[in-house]
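Worksheet for the structure shown next.
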Amino acid sequence: MAAVRAGWRRGRIELRQSFTNRPELFSHFLWPVLMLVALFFLRHRDFGSTGLLLGTFALPGILGMNAAMGMVSMSQQLTADREDGTLLRAKATPNGMLGYLVGKVVSVAGGLLADLAILLIPALLIVDNLALGSFGGWFTLLWVLALGMVATLPIGAVLGSVFTTARSQGLLQLPVLGLIAISGVFYPITALPDWLEWIGQVFPIYWMGLGMRSALLPDSTVVVEIGDSWRHLETVGVLGVWAVAGLLVAPVVLRRMARRESGSKVAERRERALRRVA
C-alpha cells in the first residue's frame, strides 16, 4: 500500500507537470483542436442513407482511437525512462517498480482523460443527435473508458519493456494503427471480411469503440453492429480479461526488465544518444 500511495503521488505530480510544461501543454491541445475542426466541417454531412450525420458517427471513433493510443503513450514514456535511468532508480527503491507502474498509469490515464474532455466538451456543442442526454449514456461512457484504460495501459507497459530506445517506438505505432484500422473504430466492423471481424474482436480496441458508440449514438444505429446489439456483457467480459491479464503480467515483465538494467547500460545508451546528436 505504501508503494501504491507513492505511485499515486508520483502520477499526480507528473500529470500536473505535463500541464505546466509548454511543449506538453501544446501536445494536449493540438490533436483535440484538429479533430474539432474536422468535426465542424462534417457536422452537416449525411452518413449514407442512415439518416445519421457523419460528424455524429465520427465522434465515437475519434474518442476510441485516442483512448487506444494511450497504450502507445505508456510505452513511449516507459522506454524513455528506461533510457535515461529513471527505471534504474526505481529498481533501487523497495517496491519501487510497483510504485513506478502505478504512477505511470495515473499520469497517462489522467492526461488521456484530460485530452478526451478537451475534445468531447466542445464537440457536444458542434455535433447533433448524440445520445448523451441521459444518465445512462454518461454512465456507459465512463465505465467503458475506465475499464478500457485498465485493459490497455498495462499492455503499453509490457510493449515498452521490449524497446530499449525511444527511437525504436516507430516500430510499435504502425502495428497499433493497423489494429485500429481493423477494429471498426471509424466504421462498422461488419463491413470487413469475416476473418478480420474475428481478429478485431480478440483485441480490446474494438470493444472500446463499440462501448463508446453505444454511449454516444442513438439506439437506432445498433443495426450496423454485429447481432444488432451493443453487447455490453461481452464488452465487460473481454475488457475485463485483458485488464486482469495485463495487471498480472506487466509487473512481472517490468521486474525482469529492471533486473537487466545497470548503470553501465544506462551510460552506454546515453553515450550513443550523445553521438547521434553530435
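Mapped onto full-length UniProt numbering, the consecutive letters of the sequence shown carry residue numbers 1 to 278.
Positions of the beta carbon are idealized from the N, C-alpha and C atoms, including for glycine.
The model shown is predicted, which means the values in this text are computed figures rather than measured ones.
Margin query: Beta-carbon within less than 8 Å of Ile28's beta-carbon, same chain only, minus the 5 sequence neighbours each way: which residues are those?
Written below: Checking the sequence shown, residue 28 turns out to be His, not Ile. Cβ within range, chain order: Ser18, Phe19, Gly111, Ala114, Asp115, Ile118.
Note to self: Can you tell me where the alpha helix (DSSP H) holding Trp198 begins and where it ends?
What the structure shows: 194–202
Checklist line | Delimiting residues of the alpha helix (DSSP H) encompassing Asp84 | finding: According to the DSSP assignment, Asp84 belongs to the alpha helix (DSSP H) that extends over 70–84.
Next item on the list: Specify the secondary structure class of Asp46 as computed by DSSP and reduced to three states.
Entry: Secondary structure at Asp46: strand, using DSSP grouped into helix, strand and coil.
Next item on the list: Have a look at Leu30 and Pro23 and give me their C-alpha separation to the nearest angstrom.
Entry: Approximately 10 Å between the Cα atoms of the pair.
Next item on the list: Classify Leu132 as helix, strand or coil using the three-state DSSP reduction.
Entry: coil
Next item on the list: Name, in chain order, the residues that DSSP records as bridge partners for Leu177.
Entry: Answer is none; Leu177 lacks a bridge partner.
Notebook entry, point to check: Gly116 lies in the alpha helix (DSSP H); which residues open and close that run?
Noted result: For clarity, residue 116 is Leu in the given sequence; the question names Gly instead. For Leu116, the uninterrupted alpha helix (DSSP H) segment begins and ends at 96–126.
Checklist line | Rounded straight-line distance, which links the Cα of Met35 to that of Ser220 | finding: 25 Å
Check: Hey, Leu208 and Gly148 are a contact pair by Cβ (cut 8 Å); roughly how many whole angstroms apart?
Finding: The question names Leu, but residue 208 is Met in the sequence shown. That belief holds up - the Cβ atoms of Met208 and Gly148 are roughly 4 Å apart, short of 8 Å.
Next item on the list: Could you tell me which residues DSSP pairs with Leu53 in its beta bridges?
Entry: Asp46
Next item on the list: Would you please state the rounded distance, in angstroms, between the beta carbons of Leu141 and Met212? I believe it to be under 8 Å.
Entry: 7 Å
Next item on the list: Taking 7 Å as the cut-off, decide whether the C-beta atoms of Gly55 and Val127 are in contact.
Entry: yes
Next item on the list: Return yes when the Cβ of Gly96 is within less than 7 Å of the Cβ of Leu153, no when it is not.
Entry: no
Margin query: Please report the distance separating the alpha-carbon of Glu197 from that of Glu234.
Written below: If I take the Cα positions, the gap works out to 15 Å.
Margin query: If you reduce the DSSP assignment to three classes, tell me which class Ala58 lands in.
Written below: helix
Checklist line | DSSP three-state assignment for Arg256, whether helix, strand or coil | finding: helix
Next item on the list: Out of Gly156, Ser183, Val253, point me to the one whose CA is closest to Glu225's CA.
Entry: Ser183
Note to self: Using the three-state DSSP reduction, which class does Ala250 fall into: helix, strand or coil?
What the structure shows: helix
Next item on the list: Indicate the three-state DSSP secondary structure (helix, strand or coil) for Trp230 in the structure shown.
Entry: coil
Margin query: Can you look up Gly184 in the DSSP assignment and give me helix, strand or coil?
Written below: coil
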